[in-house]
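Numbering (mature numbering (1 follows the signal peptide of the UniProt record, and there is no 0)), first residue to last: -23 to -1, 1 to 392.
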């Protein structure tokens, strides 16, 4: 069946606000001609019929006094967030972010104000059933954008009862590395691209039996047939800023229903912390908007469509000072020599994205250049002109573990 260009419904009609009926019941079940890849590099979305909830009912209980108690939402990464594959930690499911609520007696201002907790690791692929306790160590606290003040989100590390980091705990080794180079003040800015899907796995707003018009008008576009997901992106930006995430920008991307947000600059381990919390906030918002924010690096495998990346910008104090461009150039031979090591950490199924087309360099090649979006590493024109700044690693896929990627850049460039 030949592909055809169909009309694209307005974004407003595609989202289901809290308190309205699920839209999935009225959608056709026809599959697209092009295969839609799994949501996060592992599993495709599953069609579900999410129950509708009257928002006034939710609000009625949200306004009840809590007698001085505070909800602390403990967040941790599940077992599929980092799986050992031949000695390399691979993020098999960037959506494997878990949480549960602890009620505490006062508002915490730092992780030290919160107790350790535990969970059933046998239910998350992180412990056997006969020794299932995993210990949560609070490492960062953020205002909760869902419950509002005084409630908090609490990012946690996972340890055994004996105090050993779990194999899935990639934060612990990354932090140890960041601590060693803290005098060089490493900054990171991460650009998270994502693709919005219906609950049946079809890109949000795409014709059910074909494709939208070709790429071109969608990047930073406006209009009902060119901008899908703006409401969700704006809600996510506001929620992140409320939570104290250093979100620095949002934009529509090259493919219809693909968007991006940027987190940073952040110093050291804070970059990975904030990116994981920003992803968690997106997952929570998708519950309300009845859609999926896929982090697969090549969600559409047929047709002329861009993939999704997680471009990672990096600099040190020396790079940001006069003469820093020479320091940046000095990193390029190191990055080239370690290219395959980095590629192994830069995302499952990233080979489908790093094709040498669609603003990427081929996965088996390394190159760098000024203002070159087809290079592995891009340096901005302003960096060249001013002689200082940062470089952008364009190789990471959208489903990376930011802890392992930022640690790899530090290890290659600074150690």
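The C-beta atom is built at its ideal place from N, Cα and C for all residues, glycine as well.
In the three-state DSSP reduction, residue 32 falls in the helix class (H, G or I).
For residue 319, the enclosing alpha helix (DSSP H) has its first and last residue at 316 to 322. The secondary-structure analysis by DSSP pairs residue 114 across a beta bridge with 134. In this structure, residue 255 places its C-beta atom within 8 Å of the C-beta atom of residue 217.
In the three-state DSSP reduction, residue 38 falls in the helix class (H, G or I). If you look at residue 94, you'll find it in the beta strand (DSSP E) that goes 94 to 97. Taking C-beta separations shorter than 6 Å and ignoring five residues to either side along the sequence, the partners of residue 168 in its chain run 237, 239, 288, following chain order.
Among the bridge pairs identified by DSSP, residue 79 is matched with 49.
Cβ-Cβ separation between residue 291 and residue 312: approximately 10 Å, too far for a contact (criterion under 8 Å).
Judged by DSSP in its simplified three-state form, residue 161 adopts helix. Around the beta carbon of residue 69, 16 or more other beta carbons lie within 10 angstroms, which makes this residue buried. In this structure, residue 131 lies away from residue 120, with their beta-carbon atoms at least 8 Å apart.
Under the three-state reduction of DSSP output, residue 61 falls in the strand class. Secondary structure of residue 327 (DSSP, three-state): helix. One Cα belongs to residue 136, the other to residue 327, and the distance between them is close to 30 Å.
Considering only 364, 57, 263, the residue with the shortest C-alpha distance to residue 301 is 364. In the structure shown, residue 69 adopts coil according to DSSP, grouped into three states. In this chain, the alpha helix (DSSP H) harbouring residue 251 covers 247 to 266. Looking at 245, 207, 123, 138, the one whose alpha-carbon comes closest to that of residue 219 is 123. For residue 209, the secondary structure class from DSSP, reduced to helix, strand or coil, is helix. In the DSSP annotation of this structure, the continuous segment of the beta strand (DSSP E) that includes residue 369 starts and ends at 368 to 370.
Bounds of the alpha helix (DSSP H) holding residue 297 are 294 to 297. The region 261 to 270 makes no contact with the region 332 to 352; the number of CB pairs closer than 8 Å stays below 3.
The three-state reading of DSSP puts residue 309 in helix, counting H, G and I together. When 205, 199, 164 are compared, the shortest CA-CA separation from residue 183 is found for 205. In the DSSP assignment, residue 244 is bridged to 164.
Residue 355: member of the beta strand (DSSP E) spanning 354 to 356, first to last residue.
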